[in-house]
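**Q** The following block contains the structure, expressed as structure tokens.
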Ligand code: SF4
Ligand code: SF4
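Numbering (the working numbering), first residue to last: 10 to 184.
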């Protein structure tokens, strides 16, 4: 087993990646496979082969929408969505350049919201995303329409047990 595969398995802490026997059911169902540099099955193979630099520098890990279609289709319960998330975090920790700046901005805004409130606070997350992406006006009309219809409220929910949330971030080294 390569060091990279071992590291990914340790972080996922679930079904080991080598359980995949490459039936490609995940790729056949992935709504974004045609847009990806490497399809989900290929990313798994690359992880198995220890191709760390290629995987962590790939746009694929940022295009995955975490929809979990692949996970539900996999006969071996390989959690590809969790693997993609792990790979994104490894890429950030390594300080690699992410070409998909807006996706990275949304990723960071999402995690910051969870860290602050234990769940998504839409107005704050959106404001944070706008600041990070510098895309201030592209969907202003839609946001205003949602606000007027009560789909977005200025007072988002907050998890009561914030100590547990902080513990999760600490133990997963996100703090
Ligand atoms: S569906 Fe599961 S076993 Fe099949 S290729 Fe994808 S990850 Fe591997
Ligand atoms: S979680 Fe990612 S890899 Fe899996 S089907 Fe959705 S977009 Fe594709």
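Here a beta-carbon is modelled for each residue, glycine too, at the ideal position from N, C-alpha and C.
Everything numeric in this text was worked out from a predicted model, so none of it was measured.
To the nearest angstrom, how far is the alpha carbon of residue 170 from that of residue 18?
**A** Spanning the two alpha carbons is a distance of roughly 29 Å.
**Q** With burial defined as no fewer than 16 other Cβ atoms inside 10 Å of the residue's Cβ, what is the status of residue 43: buried or exposed?
**A** By the neighbour-count rule (16 or more Cβ atoms within 10 Å), residue 43 is not buried but exposed.
**Q** Is residue 76 a contact residue of ligand 4, with contact defined as CB to any heavy atom under 7 Å?
**A** As for ligand 4, it is missing from this structure, which binds only ligand 1 and ligand 2.
**Q** How would you call residue 145, buried or exposed, if buried means at least 16 neighbouring beta carbons within 10 angstroms?
**A** By the neighbour-count rule (16 or more Cβ atoms within 10 Å), residue 145 is not buried but exposed.
**Q** Give the straight-line distance between the Cα atoms of residue 89 and residue 65, rounded to the nearest whole angstrom.
**A** Each residue's alpha carbon lies about 15 Å from the other.
**Q** Say yes only if the C-beta of residue 176 is nearer than 7 Å to one or more non-hydrogen atoms of ligand 1, and no if none qualify.
**A** Residue 176 Cβ: outside cutoff for every heavy atom of ligand 1.
**Q** If residue 38 sits next to residue 82, beta carbons under 8 Å apart, how far is it from one beta carbon to the other, in whole angstroms?
**A** With a Cβ gap of about 5 Å, residue 38 and residue 82 count as contacting.
**Q** Flag this pair as yes or no: are the beta carbons of residue 122 and residue 129 separated by less than 8 Å?
**A** Against a cut-off of 8 Å, the Cβ pair of residue 129 and residue 122 comes out as a contact.
**Q** Let's see if you can read the secondary structure: which residues bound the alpha helix (DSSP H) around residue 139?
**A** Unbroken alpha helix (DSSP H) run through residue 139: 131-142.
**Q** What number of angstroms, rounded off, separates the C-alpha of residue 47 from the C-alpha of residue 71?
**A** If I take the Cα positions, the gap works out to 11 Å.
**Q** Please confirm if residue 104 has its CB atom under 8 Å from at least one CB of chain C.
**A** No chain C is part of this structure, which consists of one protein chain only.
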